[in-house]
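Under the UniProt record's numbering, think of the first position of the sequence shown as 1, with each following residue one higher.
Glycine included, every Cβ here is placed at the ideal spot set by N, Cα and C.
Computed from a prediction, not measured in an experiment: that's the story for all the values here.
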Amino acid sequence: MVGLGPKPPPSRKGTGLAEAPKDLVNEIKRLEELFTVGTAKLKEITDHFVHELARGLSVEGGSIPMNPTWVMSRPSGYETGSFLALDMGGTNLRVCQVTLTEQKSEFDIIQSKYRIPEELKTGDAEELWEYIADCLLQFIETHHGDVSKIEKLPLGFTFSYPATQNYIDEGVLQRWTKGFDIAGVEGRNVVPMFEAALAARGVPCKLAALINDTTGTLIASAYTDPKMKIGCIFGTGCNAAYFEDCGSIPRLAHLNLPPDTPMAINCEWGAFDNEGKVLPRTPYDVTIDSDSPRPGQQAFEKMIAGLYLGEIFRLVMVDLHKKPGVRLFAGQDASKLFKPYSLDSSFLSAIEEDPFENLSETLDLFQTKLNITPTLPELELIRRTAELIGTRAARLSACGVAAISKKKGYTSCHVGADGSVFNKYPHFKARGAQALREILDWPDKKNPKDEDPIEILAAEDGSGVGAALIAALTLERVRAGNMHGILHPENFK
Ligand code: BGC
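Here's what the structure looks like:
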C-alpha cells in the first residue's frame with residue numbers, strides 16, 4: 001500500500017523485561033520439530049489412510065465411517081427445477097432457493113444467511129430445530145408471500161455431521177462434531193425431528209434429500225466440471241466425499257447392487273487415526289482433544305480444521321507464557337489469552353498476512369485483541385508459530401486427497417474444495433499443492449502456470465447448488481422407479 005510505511009518496531013524499554021530469562025530461539029526450534037511434517041511422514045500417513053479408507057468400507061468397519069450417501073449418479077448438467085436448500089454448517093445457517101435452468105450447467109440462486117447462536121450449539125435439541133424452522137419460514141415468507149397458499153417446495157437439507165443413511169431422506173447422527181453438543185440427537189434420525197418443527201410452524205416444504213456438505217460440493221462441482229472426482233471441505237470442520245463403485249463396498253454387498261454402479265461416499269475423514277497410529281500429534285493436540293466435548297474423536301480434523309487452528313496457537317502461547325526460562329509476554333497481563341477458543345483461525349490468517357518486516361499488524365492485533373504488547377523477538381515467534389500450524393494443516397490435508405486418489409487410481413483429476421480455511425487462509429492452497437507433489441512424487445513443473453496432475457480448485461456452492469442437484473437427482477430416480485436407498489418406506493406412499 002502506497003504511503004503506509006511500517007510502524008516503528010515495538011519497544012518495551014523501561015519495563016526491565018529485556019533481561020527476563022528466555023530462549024526464544026530454542027523454543028522456535030522445538031516448535032519447528034513438533035509441527036513440521038516431512039515428506040516421508042506425509043507418505044506414511046497417506047499409505048495408512050488408503051488402508052483405512054478400505055477398512056471403513058468393510059463389513060467390520062474402521063475409524064473412518066465411509067458413509068454411503070445414496071447419491072448414485074453424477075449430474076448431467078441438464079437437471080432442471082426449483083428447490084430449497086438448507087445448510088446447517090458449523091457456524092452459519094443458510095437458506096437458498098436454487099433454480100436449475102434449461103441452460104446446461106446454469107442456475108439462479110437467492111439466499112439468506114443466519115448466524116447459529118453460540119448457545120444453540122450446546123443447548124436443547126428442540127430449540128435448534130425451532131430456530132432452523134423459523135429461519136426457513138422467514139425465508140419463504142420473504143420470497144413467496146403467504147405460506148398458506150404455497151404448494152410444498154422440495155428441500156435439500158445439508159446436515160454436515162456424520163450420519164448413517166439407509167435412505168437418502170434419513171440421517172441417524174453418529175456423533176456431533178465441530179464443537180456441537182446437543183443432548184438427545186446422537187443415535188437418532190434427525191429428519192423426523194426437523195419435520196416436526198416444520199409441521200408445527202406450517203413451513204411449506206418437503207425434505208427430498210439429506211446430504212453432507214462434501215457430497216454437495218462433489219456434485220455441484222461435477223455439474224460444471226466433468227474432471228471433478230473429489231469434493232472437500234476445509235472449513236470449521238474438514239472432510240471429503242468421492243464416488244466409489246458399489247462392488248467395492250463390502251458393507252453393501254447384501255443389497256446386490258450392480259458392482260459398477262457409483263455411490264457417493266461421505267468419508268468423514270476427520271475421524272482418521274482416532275487410534276493414534278500415525279498422526280504426529282503434539283502435546284497441544286492432546287490437550288485440544290481431551291478438553292473437547294468428544295475426546296478420542298475426530299483426531300485428523302482436530303489438527304486441520306478452522307475451529308481448532310486458533311486454539312492450537314493459543315495453547316502454544318499459554319504454554320510459553322507459563323514456561324520457566326521462556327516466560328513469553330513476561331510481566332504483562334495475559335489473562336485474555338487464557339480464554340479457550342477465544343482466537344479463531346482468522347486471527348492466525350491475519351498474523352500470516354502481516355506484510356511488514358517488523359510485524360506491526362501482528363503487534364496491533366495482540367494489543368487490541370489480547371491487551372498484550374509483544375517484543376520483536378516475541379512477534380517473530382508468534383509469526384513462526386502461525387506459519388507452522390497453518391502449514392501443518394495444509395500438508396496433512398493433502399494426505400487425505402492423495403489417499404483417495406491412490407485408492408481410486410486417479411493420476412489426473414480435479415478436486416473441488418470449499419470452506420473458510422481453503423478460501424481464506426493464506427497459502428493454504430499452495431502449501432497443500434506442494435505436499436501433494438511430494439507425496440505423489442510429481443516432477444517439478446516446467447512452467448509455473450501448468451496445472452498439477454491432481455489440482456485442488458475452488459468448488460461450486462455445494463450446500464446450495466449441490467443440495468438442489470441432489471434433490472433433483474433423487475426426484476428423477478423416484479420418477480424412473482429406481483428406488484434403492486431412496487425414501488424411507490414410510491415416505492414411499
Ligand atoms: C463433519 C463432516 C463435515 C465436515 C465439514 C465435520 O466435522 O463431521 O460431516 O463434512 O465437518 O463441514
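Given residue i as reference, the closest of the options once Cα atoms are compared
{"i": "E186", "options": "R437, V172, D47 and K302", "result": "V172"}
{"i": "I132", "options": "R201, N447, V98 and S76", "result": "R201"}
{"i": "A299", "options": "D273, K323, P377 and F313", "result": "D273"}
{"i": "C135", "options": "H48, L86, R188 and K178", "result": "L86"}
{"i": "P162", "options": "R477, A271 and K336", "result": "A271"}
{"i": "E357", "options": "Q165, E27, A40 and L376", "result": "L376"}
{"i": "E170", "options": "E301, P192 and L155", "result": "P192"}
{"i": "A305", "options": "D354, R94 and G419", "result": "G419"}
{"i": "R251", "options": "T39, L57, I219 and N239", "result": "L57"}
{"i": "E33", "options": "D124, I64 and R281", "result": "R281"}
{"i": "A197", "options": "V37, A125 and Q111", "result": "A125"}
{"i": "L100", "options": "A472, V478 and G145", "result": "A472"}
{"i": "K206", "options": "T411, I140 and S290", "result": "I140"}
{"i": "P226", "options": "Q434, C399 and P75", "result": "P75"}
{"i": "D23", "options": "L381, N371 and V421", "result": "L381"}
{"i": "Q103", "options": "Y114, L93 and E79", "result": "E79"}
{"i": "E119", "options": "C96, L320, L137 and T91", "result": "T91"}
{"i": "C238", "options": "N26, A393 and R55", "result": "A393"}
{"i": "K406", "options": "L440, F422 and A199", "result": "L440"}
{"i": "M66", "options": "S221, W269 and F49", "result": "W269"}
{"i": "E455", "options": "P443, R437, N447 and G464", "result": "R437"}
{"i": "T474", "options": "I486, S463, V465 and G464", "result": "I486"}
Proximity test, residue i beta-carbon vs the ligand BGC heavy atom, cut-off 8 Å
{"i": "N239", "result": "yes"}
{"i": "S345", "result": "no"}
{"i": "Q434", "result": "no"}
{"i": "Y161", "result": "yes"}
{"i": "K121", "result": "no"}
{"i": "Q367", "result": "no"}
{"i": "Q332", "result": "no"}
{"i": "N266", "result": "yes"}
{"i": "E301", "result": "yes"}
{"i": "A305", "result": "yes"}
{"i": "D364", "result": "no"}
{"i": "E319", "result": "Note that residue 319 is Asp in the sequence shown here, rather than Glu. No."}
{"i": "N212", "result": "yes"}
{"i": "T177", "result": "yes"}
{"i": "I486", "result": "no"}
{"i": "G89", "result": "yes"}
{"i": "Q298", "result": "yes"}
{"i": "I150", "result": "no"}
{"i": "T164", "result": "no"}
{"i": "I219", "result": "no"}
{"i": "G400", "result": "no"}
{"i": "G416", "result": "no"}
{"i": "G270", "result": "yes"}
{"i": "G419", "result": "yes"}
{"i": "E233", "result": "Before going further, note that residue 233 is Ile rather than Glu in the sequence given. Yes, Cβ of I233 sits closer than 8 Å to a heavy atom of the ligand BGC."}
Element boundaries [beta strand (DSSP E), containing residue i]
{"i": "Q97", "result": "N92 to L100"}
{"i": "A458", "result": "I454 to A458"}
{"i": "Q111", "result": "F107 to R115"}
{"i": "H414", "result": "C413 to D418"}
{"i": "S82", "result": "G81 to M88"}
Segment limits, alpha helix (DSSP H) that includes residue i
{"i": "P377", "result": "L376 to K408"}
{"i": "C205", "result": "Element bounds for C205: not the alpha helix (DSSP H) but the beta strand (DSSP E), C205 to I211."}
{"i": "A472", "result": "A467 to A480"}
{"i": "D364", "result": "S360 to L365"}
{"i": "D47", "result": "T39 to L57"}
{"i": "F35", "result": "L24 to F35"}
{"i": "I372", "result": "Here I372 belongs to no alpha helix (DSSP H), and DSSP marks it neither H nor E."}
{"i": "E195", "result": "V190 to R201"}
{"i": "S345", "result": "S345 to E353"}
Whole-number beta carbon distance between residue j and residue i, since they are thought to touch under 8 Å
{"i": "L307", "j": "T236", "result": "5 Å"}
{"i": "G390", "j": "E352", "result": "6 Å"}
{"i": "F313", "j": "A386", "result": "6 Å"}
{"i": "A264", "j": "T69", "result": "5 Å"}
{"i": "F234", "j": "L155", "result": "Rounded, the Cβ-Cβ distance is 26 Å, inconsistent with contact."}
Any chain C beta carbon closer than 9 Å to residue i
{"i": "R383", "result": "Among the protein chains of the structure shown there is no chain C, as only one such chain exists."}
Proximity test, residue i beta-carbon vs the ligand ATP heavy atom, cut-off 8 Å
{"i": "T236", "result": "Annotation note on the ligand ATP: not contained in the displayed structure, which lists the ligand BGC as its ligands."}
Segments of 3+ residues assigned as beta strand (DSSP E) that fall wholly inside the region 213-263: 228-234 and 238-245
Length at least 4, wholly inside the region 264-314: the alpha helix (DSSP H) runs in chain order: 283-290 and 301-304
Considering only residues of the region 110-181, which uninterrupted alpha helix (DSSP H) runs meet the minimum length of 4 residues and lie entirely inside it, listed in chain order? 125-144
Which full runs of the alpha helix (DSSP H) of 4+ residues lie inside the region 419-451, going along the chain? 420-424 and 428-439
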